[in-house]
Ligand SMILES: [Fe+2]
Ligand SMILES: [Fe+2]
């Protein structure tokens, strides 16, 4: 027998559904091969997996773009920025791992196929020529990622709270990345306006 309890009002009419212990235990034993996906999974799994694979492609493209920028950034202005490029590249890899892990939990397959990676990704791979170009491209990519994660969080809503929490956690880091790229850009602009300072452009 199922009980309905409302955490806020205790009103059975407005309560979200809560199952009793035996029902939960019985349901968990059904379809064991589905792993973490139990009968109460409320989202459209196919769509969630598609979105997660697009997010995975986005993260992998961001790893590669930041790595390139880390190695290519050159000149006096580049020193502090290089550190950010490397750190962001490592954090994008952590995001890719979190997403791949969630895809497995949902019974899907993470797509690491390099063929079509750039077109599956929301953000673009832009090599960048000068240090300023690189920072601008990274900032644009972060803004794309922020928009797409926000949309995914909204789409998933309360239908799959574990996936939503992972996406929210990643979104918060992408917001930090965007803020850091914006402040690097300001710093580079300010320094390059210093009289007598000639920034050496990186070769792209
Ligand atoms: Fe990321
Ligand atoms: Fe990022």
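Numbering (this note's numbering), first residue to last: -2 to 201. We treat Cβ as the ideally placed atom computed from N, Cα and C, and that holds for glycine.
Cβ pair residue i, residue j closer than 7 Å
{"i": "residue 222", "j": "residue 60", "result": "The chain is shown from -2 up to 201; residue 222 falls before or after that span and cannot be answered."}
{"i": "residue 95", "j": "residue 163", "result": "yes"}
{"i": "residue 81", "j": "residue 177", "result": "yes"}
{"i": "residue 139", "j": "residue 171", "result": "yes"}
{"i": "residue 156", "j": "residue 40", "result": "yes"}
{"i": "residue 182", "j": "residue 146", "result": "no"}
{"i": "residue 131", "j": "residue 186", "result": "no"}
{"i": "residue 53", "j": "residue 93", "result": "yes"}
{"i": "residue 111", "j": "residue 100", "result": "no"}
{"i": "residue 122", "j": "residue 62", "result": "yes"}
{"i": "residue 165", "j": "residue 117", "result": "no"}
{"i": "residue 48", "j": "residue 149", "result": "yes"}
{"i": "residue 75", "j": "residue 136", "result": "no"}
Buried versus exposed call for residue i [16 or more other C-beta atoms within 10 Å across all chains shown]
{"i": "residue 4", "result": "The pLDDT assigned to residue 4 is 41, lower than 50, so where the model puts this residue is not dependable; a value taken from the coordinates is nonetheless given after this. Residue 4 is exposed by the Cβ-count criterion."}
{"i": "residue 103", "result": "buried"}
{"i": "residue 125", "result": "buried"}
{"i": "residue 55", "result": "buried"}
{"i": "residue 161", "result": "buried"}
{"i": "residue 77", "result": "exposed"}
{"i": "residue 127", "result": "buried"}
{"i": "residue 153", "result": "buried"}
{"i": "residue 134", "result": "buried"}
{"i": "residue 6", "result": "Caution is warranted here: a pLDDT of 44 is assigned to residue 6, below 50, making its placement in the model unreliable, and the coordinate value is therefore given only provisionally. Exposed, because fewer than 16 other Cβ atoms sit within 10 Å of the Cβ of residue 6."}
7 Å Cβ cutoff, residue i in contact with chain D
{"i": "residue 168", "result": "Of the protein chains in the structure, only one exists, and it is not chain D."}
| Lining residues of ligand 2 - beta-carbon closer than 7 Å to any non-hydrogen atom, in sequence order | What you get when you keep residues with a C-beta closer than 7 Å to any heavy atom of ligand 2 is 59, 85, 88, 89, 139, 142, 170, 171, 174.
| task | Please list the segments of the alpha helix (DSSP H) lying wholly inside the segment 136 to 179, counting only runs of 4 or more residues, in order along the chain. | result | The segment 136 to 179 contains no whole alpha helix (DSSP H) run of 4 or more residues.
| query | Going along the chain, which unbroken runs of the alpha helix (DSSP H) with 4 or more residues stay wholly within the segment 94 to 139? | reply | 114 to 117
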